[in-house]
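J.:
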Amino acid sequence: MSDCIFCKIVAGKIPATKVYEDHEMLAFNDIAPARPVHVLLIPKKHITSLATAAAEDAPVLGRMLAKANEIAAAQGSPDGFRVIINTGRVGQQEVQHLHIHIVGGPDPVGPMLKRL
Ligand code: AMP
Ligand code: ZN
C-alpha cells in the first residue's frame with residue numbers, strides 16, 4: 083500500500099508524534115485534534131477498514147482495543163475516553179487504513195451523535 087499515508091507513517095517515511103508502538107500496532111497524535119487527547123491507533127499491517135477486516139485480523143484488533151485504556155491514561159485521559167472507528171462512505175472514513183480514534187482529556191468529550 084505505497085500510497086497509504088498511515089503505511090508511510092509506519093514505515094517512517096512521513097513524520098508523526100508517536101505515543102505507543104509495539105510489533106503490531108502504532109499510536110500517534112492526530113494532526114488535527116478534536117479534543118485535548120486525540121490519538122490514532124493503527125495496525126501496522128494495512129487493513130483498509132472494518133468493512134474489509136477478516137477473521138484473521140480479529141486478534142490484533144482485540145489487542146488494540148485492550149491497549150486503548152493504557153494509551154488514553156498515559157496521554158491525559160485517565161478517567162475514561164471514547165473510541166471511534168469511522169468506516170466506509172457512510173461512516174465518513176477519510177483515511178483508508180483502519181484506525182481507532184482515542185479521544186478524551188480532562189473533560190467529557192461531548193454528545194456521541196446528534197439525535198434524529
Ligand atoms: P477518519 O475521518 O476517521 O478517516 O480520520 C482520519 C484522521 O486522520 C483525521 O482525524 C485526520 O486529522 C487524521 N490525519 C490525517 N493525516 C494525518 C497525519 N499525517 N498525521 C496524523 N493524523 C492525520
Ligand atoms: Zn496503510
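Numbers 83 to 198, taken from this note's numbering, label the letters of the sequence shown in order. Cβ atoms here follow ideal geometry from the backbone N, Cα and C, with glycine treated the same way.
1. Over the uninterrupted alpha helix (DSSP H) stretch that includes Ala154, give me the two end residues.
2. In angstroms with no decimal places, state the Cα-to-Cα distance between Tyr102 and Ala150.
3. At a cut-off of 7 Å, is Phe110 close to ligand 1 when judged by its beta-carbon and the heavy atoms of the ligand?
4. Less than 8 Å between the CB atoms is what I'm expecting for Val165 and His183, so what's the real figure, rounded?
5. Would you call the CB atoms of Val177 and Phe88 closer than 8 Å?
6. Measuring CA to CA, which of Leu195, Ala114, Ala98 and Pro125 is closest to Asp104?
7. Considering Cα atoms alone, identify which of Ala116, Glu138 and Gly187 is closest to Gly162.
8. Give the range of the alpha helix (DSSP H) segment to which Lys90 is assigned.
9. Please look up how many angstroms separate the CB atoms of Leu132 and Thr99, rounded, as I've assumed it's under 8 Å.
10. For Asp199 and Leu195, I'd like the C-alpha separation in whole angstroms.
T.: Taking the coordinates as given:
1. DSSP places Ala154 inside the alpha helix (DSSP H), whose first and last residues are Ala140 to Gln157.
2. Rounded to whole angstroms, Tyr102 to Ala150 spans 10 Å at the Cα level.
3. Correct: Phe110 has its Cβ closer than 7 Å to ligand 1.
4. At roughly 7 Å, the Cβ-Cβ gap stays under 8 Å, so Val165 and His183 are in contact.
5. Yes, these two residues count as a Cβ contact at 8 Å.
6. Cα-wise, what sits closest to Asp104 is Pro125.
7. Ranked by how close their Cα comes to the Cα of Gly162, the residues Ala116, Glu138 and Gly187 have Gly187 in first place.
8. Unbroken alpha helix (DSSP H) run through Lys90: Ile87 to Val92.
9. Not really, about 25 Å apart at Cβ, beyond 8 Å.
10. Here the chain comprises residues numbered 83 to 198, so residue 199 is not present and cannot be evaluated.
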